[in-house]
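A.B. asks: Sequences listed follow chains A and B, in order. At the far end of the first sequence sits residue 206, using full-length UniProt numbering, and the numbering has no gaps. At the far end of the second sequence sits residue 206, using full-length UniProt numbering, and the numbering has no gaps.
Number of protein chains: 2
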Amino acid sequence: MSTPLTWGAPHPERADAARNRQRLLATARELLAEDRPGCLTMDRLAERSGLGKGTVFRRFGTRAGIFQALLDDNERALQQEILSGPPPLGPGAPPVDRLVAYGSARIRFLAENQDIARAAVGGRQPGGRRPPMSQIHIRVLLRELDLPGADVDLLAGQLTSALEGPLLLQLFDTPELDRPALTASFDAGWRYLVERVCGPASTPAG
Amino acid sequence: MSTPLTWGAPHPERADAARNRQRLLATARELLAEDRPGCLTMDRLAERSGLGKGTVFRRFGTRAGIFQALLDDNERALQQEILSGPPPLGPGAPPVDRLVAYGSARIRFLAENQDIARAAVGGRQPGGRRPPMSQIHIRVLLRELDLPGADVDLLAGQLTSALEGPLLLQLFDTPELDRPALTASFDAGWRYLVERVCGPASTPAG
């Protein structure tokens, strides 16, 4: 059985803060139902909710933060299915089956919430930048490997994202290890991933 | 041998635009050498470079964009090593070895450029948010699998990042496929990744 999962807010919310959050999210949904996501701004949300711009800023920080909060809120139904829905998404199936089912559910969730998810990533509009160097390089190397059954473009994206800034920077924050130990542990983790996906490497990486 | 890689700017730059970019990047580096990254703002960069705020905005869009441009510029040395340095980072080693070496080099690059990389992701400060639901759920399932030699926390982060918004949204942009076909292809790609890393699933995902 899984250990119990604790999601939800990191600190318990005061009752009035929770009420304000619910009101702001409901108002944001109203505004989205009326108009394009581009029209949902901090100012319009403050005005329509009658809660004041300070409250909206403290709650969401940035415009992208409103959309991230909506996305988190929409995620709750998925959380319930994982915690207590039927297998393989819910408990009771083998872990690999649950991993496969979870990814599938998450992909559907993001497809259905695309507009909100796009606005939640804010300025970093995917597609606006060219593919990162990592992705181009990794795709070229994967093509050479000729992996049976692999979608090389997709696999290149997946492996690239394992080397992206946000993930690695989050890991660099781990306080208990110093830099060389941390770097060595990431190296080992990356090698593990590559070797599982592509087969064993022949030489120690230089 | 690898197919030739084409990185660099998506469109050729006009000579004056290239000069302005170099001048702005040089000024940004001066400002960083003098003070904390937090003190590098659009306004200070415009003032110090003598190029006007409009030019800075058009070039970088946001404050985070300045740091992204610095990061891209710092990445050039790494690009050169990949294109023409010694193997296994450079050409001439088997692809799996090159993949392992590339990840290792990229991890070192991000470790050395942490402050700039953090500022480049802007508002989305990693660590500022709690770990996403995906990461918690995936870590729990990986623990149950008891994979020999795996760093489960790191592997959970790597797999999570393959389901993150930016990657999937970038893929949703692919114009030639319709939504159901696209979703099916992501499902298959995620299943491929999970089964390579964790072993075969026993049931079709529901």
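We put the beta carbon where it would ideally sit given N, CA and C, even for glycine.
1) Across the segment 111-121 of chain A and the segment 63-70 of chain A, are there enough close Cβ pairs to call them in contact, namely three or more that are closer than 8 Å?
2) Quick check: the Cα distance between residue 202 of chain B and residue 144 of chain A, rounded to an integer number of angstroms?
3) Along the chain, where does the alpha helix (DSSP H) that runs through residue 111 of chain B open and close?
4) At a Cβ threshold of 8 Å, is residue 127 of chain B touching chain A?
5) Let me check you understand the geometry: is the CB of residue 22 of chain A closer than 7 Å to at least one non-hydrogen atom of the ligand GDP?
6) Please report the straight-line C-alpha distance between residue 108 of chain A and residue 48 of chain B, rounded to a whole angstrom.
7) Distance check for residue 69 of chain A and residue 85 of chain A, CA to CA, integer angstroms please.
8) For residue 76 of chain A and residue 146 of chain B, I'd like the C-alpha separation in whole angstroms.
9) Which of helix, strand or coil does DSSP assign to residue 41 of chain A?
10) Three or more C-beta pairs under 8 Å: does that hold for the segment 189-196 of chain A against the segment 149-164 of chain B?
11) Shorter than 8 Å from the beta carbon of residue 38 of chain B to some beta carbon of chain A?
12) Using C-beta distances below 8 Å, list every residue in its chain close to residue 133 of chain B, excluding the 5 sequence neighbours before and after it, in chain order.
13) Write down the C-beta distance between residue 161 of chain B and residue 154 of chain A rounded to the nearest angstrom, noting that I regard them as a contact closer than 8 Å.
14) Comparing the C-beta of residue 148 of chain A with each C-beta of chain C, is any distance below 8 Å?
15) Measuring only the C-alpha atoms, how far is residue 128 of chain B from residue 53 of chain A?
16) How about residue 32 of chain B and residue 44 of chain B: are their beta carbons less than 8 Å apart?
17) Could you check if residue 41 of chain B is buried or exposed, using at least 16 other CB atoms within 10 Å of its CB as the buried criterion?
18) State buried or exposed for residue 158 of chain B, treating a residue as buried only when at least 16 other CB atoms are found within 10 Å of its CB.
19) Leaving out five residues on either side along the sequence, give the residues of the same chain with a beta carbon under 6 Å from the beta carbon of residue 98 of chain A.
20) Considering only C-alpha positions, which residue in the set A:20, A:171, A:39 is nearest to residue 57 of chain A?
21) Where residue 178 of chain B and residue 191 of chain B are concerned, what is the direct C-alpha to C-alpha distance, given to the nearest angstrom?
22) Give the DSSP-derived three-state secondary structure of residue 29 of chain B in the structure shown.
23) Look up residue 121 of chain B in the DSSP assignment and say whether it is helix, strand or coil.
24) Could you spell out the range, first to last residue, of the alpha helix (DSSP H) harbouring residue 195 of chain A?
25) Which residues in the same chain as residue 110 of chain B place their Cβ atom closer than 7 Å to its Cβ, once the five residues preceding and following it in sequence are excluded?
26) Check each candidate in A:17, A:82, A:80, A:34 and name the one with the smallest Cα separation from residue 60 of chain A.
27) So is residue 191 of chain B in contact with chain A if we call contact Cβ pairs under 8 Å?
28) Report back the beta-carbon spacing between residue 81 of chain A and residue 90 of chain A to the nearest angstrom; my notes put them in contact at under 8 Å.
29) Which same chain residues, not among the five before or five after residue 28 of chain B, have their C-beta less than 7 Å away from its C-beta?
C.D. replies: Well, looking at it:
1) yes
2) Residue mapping note: residue 202 of chain B aligns to position 202 of the second sequence, counting from 1. Residue mapping note: residue 144 of chain A aligns to position 144 of the first sequence, counting from 1. Cα to Cα, residue 202 of chain B sits roughly 30 Å from residue 144 of chain A.
3) For the purposes of this step, residue 111 of chain B is taken as residue 111 along the second sequence, with counting starting at 1. Start and end: 95-112.
4) Counting from one through the second sequence, the residue named residue 127 of chain B turns up at place 127. Residue placement at residue 127 of chain B is flagged as unreliable, the pLDDT there being 38, under the threshold of 50; a coordinate-derived value is accordingly withheld.
5) As for the ligand GDP, it is missing from this structure, which has no ligand bound.
6) Counting from 1 along the first sequence, the entry for residue 108 of chain A is found at position 108. Counting from 1 along the second sequence, the entry for residue 48 of chain B is found at position 48. Distance between the alpha carbons of residue 108 of chain A and residue 48 of chain B is about 48 Å.
7) As a first step, residue 85 of chain A is located in the first sequence; it is residue number 85 there, counting from the start. As a first step, residue 69 of chain A is located in the first sequence; it is residue number 69 there, counting from the start. Using only the alpha carbons, I get a separation of about 24 Å.
8) Mapped onto the first sequence, residue 76 of chain A falls at position 76. Mapped onto the second sequence, residue 146 of chain B falls at position 146. Taking the straight line joining both Cα atoms gives about 28 Å.
9) Indexing the first sequence from 1 puts residue 41 of chain A at position 41. In the structure shown, residue 41 of chain A sits in coil (DSSP, three-state: anything other than H, G, I, E or B).
10) yes
11) Position 38 of the second sequence holds residue 38 of chain B. Closer than 8 Å: no.
12) By 1-based counting over the second sequence, the position of residue 133 of chain B is 133. Taken in chain order, the list of residues that qualify is empty.
13) Your numbering for residue 161 of chain B matches position 161 in the second sequence. Your numbering for residue 154 of chain A matches position 154 in the first sequence. Going by Cβ atoms, the distance from residue 161 of chain B to residue 154 of chain A rounds to 14 Å, so no, they are not a contact pair.
14) Of the protein chains in this structure, namely A and B, none is chain C.
15) Along the second sequence, read from residue 1 onward, the residue named residue 128 of chain B stands at position 128. Along the first sequence, read from residue 1 onward, the residue named residue 53 of chain A stands at position 53. In this predicted model, residue 128 of chain B has a pLDDT of only 42, less than 50, meaning its place in the structure is not dependable; the value taken from the coordinates is given anyway. Looking at the two C-alpha atoms, the distance is approximately 22 Å.
16) As a working note, residue 32 of chain B is residue 32 in the second sequence. As a working note, residue 44 of chain B is residue 44 in the second sequence. Going by C-beta atoms, residue 32 of chain B is not nearer than 8 Å to residue 44 of chain B.
17) By 1-based counting over the second sequence, the position of residue 41 of chain B is 41. Its Cβ having fewer than 16 others within 10 Å, residue 41 of chain B is exposed.
18) By 1-based counting over the second sequence, the position of residue 158 of chain B is 158. Per the 10 Å Cβ criterion, buried.
19) The count along the first sequence starts at 1 and reaches residue 98 of chain A at position 98. Cβ neighbours of residue 98 of chain A beyond the five flanking positions: 88.
20) Taking the first residue of the first sequence as 1, we reach residue 57 of chain A at position 57. The shortest Cα separation from residue 57 of chain A among A:20, A:171, A:39 belongs to A:20.
21) The residue you call residue 178 of chain B lines up with position 178 of the second sequence. The residue you call residue 191 of chain B lines up with position 191 of the second sequence. Residue 178 of chain B and residue 191 of chain B: Cα-Cα distance of roughly 20 Å.
22) Within the second sequence, numbered from 1, the residue matching residue 29 of chain B stands at position 29. Here residue 29 of chain B sits in helix by DSSP.
23) For the purposes of this step, residue 121 of chain B is identified with residue 121 of the second sequence, where counting begins at 1. Looking at residue 121 of chain B - three-state DSSP - the assignment turns out to be coil, as it is neither helix nor strand.
24) To locate residue 195 of chain A, count along the first sequence from 1; it is residue 195. Its alpha helix (DSSP H) spans residues 179-198.
25) Counting from one through the second sequence, the residue named residue 110 of chain B turns up at place 110. Taken in chain order, the residues that qualify are 117.
26) Position 60 of the first sequence, counted from the start, is the residue given in the question as residue 60 of chain A. Among A:17, A:82, A:80, A:34, the Cα nearest to that of residue 60 of chain A belongs to A:17.
27) Position 191 of the second sequence holds residue 191 of chain B. By this cut-off, residue 191 of chain B is an interface position.
28) Along the first sequence, read from residue 1 onward, the residue named residue 81 of chain A stands at position 81. Along the first sequence, read from residue 1 onward, the residue named residue 90 of chain A stands at position 90. Between residue 81 of chain A and residue 90 of chain A a beta carbon distance of about 6 Å is seen, short of the 8 Å cut, so the two are scored as contacting.
29) Working through the second sequence from its first residue, we reach residue 28 of chain B at position 28. Excluding sequence neighbours, residue 28 of chain B sits near 40, 45, 66, 70.
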